[in-house]
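Q: I have a structure I would like to understand better, so I am pasting it below and will then ask my questions one at a time.
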Amino acid sequence: MTEQLTIGYDDTPIIPGTTWKVHDSTRPMPSAVAPGSENRLPPSDAVVLFDGADLSGWLSVESAGAALWKVENGYMEVVPGTGDIRTTREFGDCQLHVEFATPSAVVGSSQGRGNSGVFLMGRYEIQVLDCYDNPTYADGATAAIYGQSPPLVNACRPPGEWQTYDVVWIAPRFEGARLVSPPYCTVFHNGIVVHHHRELIGPTTHRALPVWQPHRPVGPLRLQDHTNPVRFRNIWYRELRQQEDSA
Ligand code: MG
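Take any residue in the sequence shown, note its place counting from 1, add 441, and you have its number in the working numbering.
See below:
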């Protein structure tokens, strides 16, 4: 006797907004991805931007030459005065993972303590700061969308400890000079949600309101030299596409 393997249904209604029936037997299954052995480690389909070995794939923003930050013991460290660095690789919608540690020797206060930044598409900053017992303005706190939105909570670990950002980034859409859709981000700081589908009001600015500047649908990841020797490690992203796009 042959066992008929029938998975799903073809006598069901179409799901609104799709071309698929409810439980459609022909709808493609999600592709398999092997998670990293710890959740912070890159899964099988991640693009690793920094694996702790060297700064290949990174450039100085100012000179477009070699990135001059220090690499040792599996992390990179800001060398104050050498400027921001950025990836040669450019991307748009993504899931991004970044780990950072602010200096264990606490120096300075407010925005002068453990300041750096993670700039999506080279333009939109998620603040890096030591906000462990360090008052500052709210929209400049650790994990703030700088100058726009404070994080929902302060999830900082003590200075010197490794911390994580996990970001879901939806890039803005432009048609010519016109903004069609703003960027949105969801951010977890040390596993705690600090932004949930947060809308950005423009590129990052200081003491001013942003003005939209149309740009390409992809951009580099940029890390900030704000004169503090902040460390980074284990940086990776996964491109985000709608399932139907990738079928
Ligand atoms: Mg900063």
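In this text, a Cβ means the ideal position worked out from N, Cα and C, and glycines have one as well.
1. Beta carbon of His637, beta carbon of Thr583: below 9 Å?
2. Rounding to the nearest angstrom, what Cα-Cα distance links Ser687 and Glu640 in this structure?
3. Work out the CA separation of Met517 and Tyr578 for me, nearest whole Å.
4. In whole angstroms, what is the alpha-carbon distance linking Ser501 and Pro592?
5. Does the beta-carbon of Leu537 have 16 or more other beta-carbons within 10 angstroms, so that it is buried, or is it exposed?
6. Enumerated in chain order, which unbroken segments of the beta strand (DSSP E) with a length of 3 residues or greater are wholly contained in the segment 552 to 638?
7. Assuming Met517 is part of the beta strand (DSSP E), what are its boundary residues?
8. Please report the distance separating the alpha-carbon of Pro623 from that of Met562.
9. For Gly660, which residues does DSSP report across the bridge?
A: Looking at the atomic coordinates:
1. no
2. Its pLDDT being 44, under 50, Ser687 is placed unreliably by the model, and nothing is read from it.
3. 28 Å
4. 29 Å
5. buried
6. 557 to 561, 565 to 569, 604 to 611, 614 to 616, 619 to 622 and 625 to 630
7. Tyr516 to Glu518
8. 13 Å
9. Phe532
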